[in-house]
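Take the sequence shown: its position 443, counted from the start at 1, is 443 in the UniProt record's numbering, and no numbers get skipped. Note that CB positions come from ideal geometry on N, CA and C, so glycine has one too. Owing to the predicted nature of the structure, the values given are computational and were not obtained by experimental measurement.
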Amino acid sequence: MSSRETNNYRTGPVRRDENNPYMPSKSTRANSVITVAAPTKLGALQPVPDVSNIIEKRHELFQSMLIDLKTTPLHVSIEKSLTKLFTAKQCILWVSNQGMSNLTSPTLNKSIKSTIGIAGAAFRSKKLLNVSQPSKHESYNQMSDFAELASLYIPLFNDQDGQIYAIAQVTRDSDSLPFSDIDEESANFFANKFRQVSHLLIVDNNTITQISDNDLAPQVIDRLQHNFQCRDVQFWLHEKAKNSFSQYIGNEFVEQQNCGCVCSVMKSGVTCNAVDVTKLHGYSSEFDGIVSDPILIVPVQVKNQTFAIVLRGRVSGKSFSNIHAVQLENITPIVGRAILGSNALSSDETSSDFALRLKALLEVAENLSGVLDIDALIPTIMDRACSLLNTERCSLFLVDQTKQLLETTFHGGLDKSITLPITRGIVGHTATTGKIVNINDAYSDPRFDKQVDLETGFKTRTLLTVPIYNNRGEIAGVTEMINRRDGSAFDESDIKMMNAFNVFCGISLDNAKLYKTSLSLTRQLRGFAEMGSALNNSKTVKDVLEEILTNAKSVVHASRATIFLRDIDQDSITPYISVGDEIEHGTMFAAEVAKLLKPKVFVKDEIISMVRGDAPNLAKNSLESSSSTSRVTSLLSKNSMLNVTSSQKENDEFQPICGFPLLTSDSKVLGVMELKCNWKVLPEDLKLLDCFAVFAAVSLEKSQLEEIAKFGQIETALKKWISDDERKLYTIPEKLVIPEEKAACIYTVNFDAPQWDGIGLFKVLWNIMSFYDLFNEFKIPNEVFFTFVQSISQTYNKVPYHNWRHACDVTQFVNYEIITAKMDQVFTKFELLGIITSTICHDANHDGFTNVYNVKAETPLGILFKNQSVLETHHCSVAIGVITKEESNIFASLSASEYKAMWTLIIQLILITDMAKHFDFLKNLNAELDKGPADLENPEHRLMLMQAVLKCADISNVSRPFELADKWCDVLCEEFFRQGDLESANGMEYTSPLNDREHLDKPKSQIGFYTFVCLPLYKVAARAMPPLQKNVDQVMSNLAIWKASAAQKEQEAAQ
């Protein structure tokens, strides 16, 4: 009977729908409370239905289906009938492809293996399957089964061979009851009736028999309307001898006195693809209408007459494409011969045979038109090709231009695919020359390769090879038809049929290839976006962009693909990644596209003009922006596109260059994607390339989001300098150890920070922290400290003085002072961690301007922190933002009270570096020292000592050897000058004489700075910590040099 799944059925007080005893009423579905009970057969819960009515309904529906077959394809009729019979949500018919192990749904244009899914299980077991919850079935497959919808799988047999013709998959809505025993009886009834009449319905397991002349034209028109998405399809006939024009109406051609623009096109014999019918010669408002519709007219010669198919209007409102024209040009001769009947056919053809062929061809076109998974569709299509020409075998060879090979993607009758050199055999001859080869005796042709026959034992007699062209006119593959079953040779009719067939194959193969490329890229980029701050676990942004370029280059057969990045600060364009040939003309075209903010195709004349330097400003003639058109649509509407596609061979030096701006979500230019194309650029290419450009822009924008970019850099750097085994350790990583001979200078006043730039500054900080054993003491793993240092270093701006180098220089001097004054024996490890952390963070995100400037200029910081320590408060805020993140929290081991005390200490230390508090601090510390030596038991005194150490370090340049002090002085002056230049440009007075670039007296300025700012600080620090007197001595020594320099300068001025 059946294999029923016993899942939990929903039960409860259910009222029946009056019109259908199997469905709950709407009110029940909407209002009743459904409870879950133990597994129960649903039949026990239902009232007994009227069996006689059910049987009558079964017979009526089956008879209705047979009548429906006169105008409707078999699979559609079956699906419609079963949906009605079971009051189901839908029915999908999975047709078996004999010998191919596939089940194909013509409705869904989709194929599945007969070894997967519940439909596959029904196919293999040849039994009816009633499954109430498919997701729990052992054969469930999400590609073909509905997880939670009750489903019935009905095998339908072909009585001619006893094999399964198809599996009907019937599903009900989620609020409907599962299929009952009576439903199973109905399914068995339908299956038995179908088997009894299957020999009348099925030919070669695919085709419905009998197509009358009266049925043909409506079916062709219906299929053409569906395939081309047009509003109207007309057939026309022009008899030159009578000079008459007739339109096919009903079942005959009716002569027309007025046929509008159709007359002139048919007389010319040339295809017409027009955007606006009202602009055509011969246009008649009476006949062609007053609407500016697109129109496609294809006239062909059939015997001594001109037959034409006319397509009017598009459902989408768009015009017909070049691809539509090519498709219709290949279909029209066949349609003409079929519609004109026996008069247009050769002596060995019949109207019914030709009609069947035409119908099969149109079905192929329809199936191919919406399918992008070509791997699933090719077996079905090639099987249909064999039926079209009634051949024993057929193969589809695809061309691999890179490897110069031919490889079968379909190889009927063979166990495995065949790979051949592109020049080998008759298939190779067609692939390299594009010529159709029709051989009546294969073994008599020297080009025929007998190897396959020898290996398989098959005997090739007649052979037809026809090339497949892609959208660019390249040979993409070859179809090989072998041995007509009736023993006759392939004729002209076969060749025309295969030519038309291959047009659809070529377009679909090309589209599938582009879709596969686009789909692959989309998946990568979706993964990239979802990874957030990690960018991508397996690929860097550069890797993703390189893959985008490689795919884009492949799509249009470009010789080069490049991404240029825009430097917003300098407003410049520079190459970032390039694939293929070298860049010949620099950034001129990318820069132009960046100005246009629109895609641009540069053709030969424009390229020559720009290279010579006599081009007009293209940006002024840029494409008009329109909210109703996409950026590519606007590009395609211009003549530049026509210029690109009109020429088959451009001079290599001046091949078309396509540029696409990479825009952020708010339309700011990140860069430009540029391709140099060595082949025709089609509208479809530009649309797809624009998608690639959007993907590239998304990648760049995501990577440039601050948190994402920084985390990515940190992780990359961490892996470079710290091994996986060292991440959790508290000892210095091997790559960050400083050799003993170099380490000594870290503890002296002679430290020269610029010589340690880069990872060297990290090494200095690591060694200082390790010297005081702070990693072990506070359980700070290497990966956390590295993340902290990398994160805080990235907050420092690239200003002349208050940058990351200065922060590390100050930290080193603090270390030097602590060791010199033996304060490491005074300060606790907690205090040492606090003061070292403070020095590292004390100028985080400094903008290179003073507090006074920020307040007077009313910068955002000046407004936010007005009447307080502007920059110092900001530095504290930035430090908090970094350290409070889990991955960089170096205070993670502290208790709540310790955590509060640590931040209190750090904030007090950083805020004291505000020079506005300088003299008050000196006054207070001197006052305390006047009372006696610092009381180390007094927390206030301990804080003041730490503050003095940090303040001395913050201006430590003055106490280093004069050679270093002088270099640091120049750097600091440059930062002052930078502020002064801005003050001058904004019409402000100088906030300090030190900011005047033109009138600064360097020695004199230093004398004042040393005398009134530095010496008082160093002296009070030495009072509190006597070993620091050596710093006072060095400041005095440097001051003497400045005074001597000033005196010499005055003496030179006096002379």
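| Check | Outcome |
| --- | --- |
| C-alpha gap between I507 and D383, whole angstroms | 19 Å |
| C-alpha gap between S723 and M902, whole angstroms | 30 Å |
| Best match in E546, Q225, L216 for proximity to I334 [C-alpha to C-alpha] | L216 |
| Reduced DSSP category for N188 - H, G, I as helix; E, B as strand; rest coil | helix |
| Contact check, V852 vs G862, beta carbons under 7 Å | no |
| Cβ-based neighbour list, L69, same chain, cut-off 6 Å, excluding 5 preceding and 5 following | S77 |
| Proximal residues to residue 1127 (C-beta, below 8 Å), its chain only, five neighbours per side dropped | There is simply no residue 1127 to check, as the chain begins at 1 and stops at 1055 in what is shown. |
| Option nearest A953 by Cα separation, candidates A857, A965, F813, P1026 | F813 |
| Three-state secondary structure (DSSP) of residue 1069 | Because the chain here runs from 1 to 1055, residue 1069 falls outside it and cannot be looked at. |
| Whole-angstrom distance between L718 and F762, CA atom to CA atom | 12 Å |
| Reference L765; option with closest CA among E777, K779, F788 | F788 |
| Where L345 sits in the DSSP three-state scheme | Caution is warranted here: a pLDDT of 48 is assigned to L345, below 50, making its placement in the model unreliable, and the coordinate value is therefore given only provisionally. The answer is coil: DSSP assigns L345 none of H, G, I, E or B. |
| Identity of the residue in L549, A1021, R484, V810 nearest S699 by Cα | L549 |
| Local conformation of Q1051 per DSSP, three classes | helix |
| Paired residues, beta bridge with F110 - DSSP | In the sequence as displayed, the identity of residue 110 is Lys instead of Phe. Paired residues: S105. |
| Assigned exposure category for L509 - 16 Cβ within 10 Å defines buried | buried |
| Residue closest to F660, alpha-carbon to alpha-carbon, out of A552, G313, D288, P1003 | A552 |
| For D809, the nearest candidate out of N845, C230, G760 (CA to CA) | G760 |
| For F245, the residue or residues it bridges with in DSSP | H238 |
| Per DSSP, the bridge partner or partners of Q305 | V302 |
| Residue of T306, V672, V302, I295 minimising C-alpha distance to H324 | I295 |
| Beta carbon of S81 nearer than 7 Å to that of L103 | no |
| 8 Å contact criterion, which I202 and Y165 should meet: CB distance rounded | 6 Å |
| Cut-off 7 Å between Cβ atoms - residues of its own chain near H199, not counting five sequence neighbours on either side | D159, Q160 |
| With 16 other Cβ atoms within 10 Å as the buried cut-off, status of A1024 | buried |
| Limits of the unbroken alpha helix (DSSP H) element including A590 | 588 to 596 |
| Three-way DSSP call (helix, strand, coil) for E480 in this model | strand |
| Distance between T562 and I607 (C-alpha atoms, nearest Å) | 17 Å |
| Which listed residue (S493, E392, P421, G428) has its alpha carbon closest to that of K459 | E392 |
| Simplified DSSP state of C691, which is helix, strand or coil | helix |
| Selection from A241, F891, E817 that minimises the alpha carbon distance to V749 | E817 |
| As assigned by DSSP and simplified to three states, the class of T550 | helix |
| Rounded distance between the beta-carbons of P781 and L864, thought under 8 Å | Between P781 and L864 the Cβ distance is about 35 Å, and since that is not below 8 Å, they are no contact. |
| Buried or exposed by the 16-neighbour rule on C-beta atoms within 10 Å, applied to D183 | buried |
| Strand pairing of G671, partner residues [DSSP] | L565, L662 |
| Three-state class that DSSP yields for K136 in the structure shown | helix |
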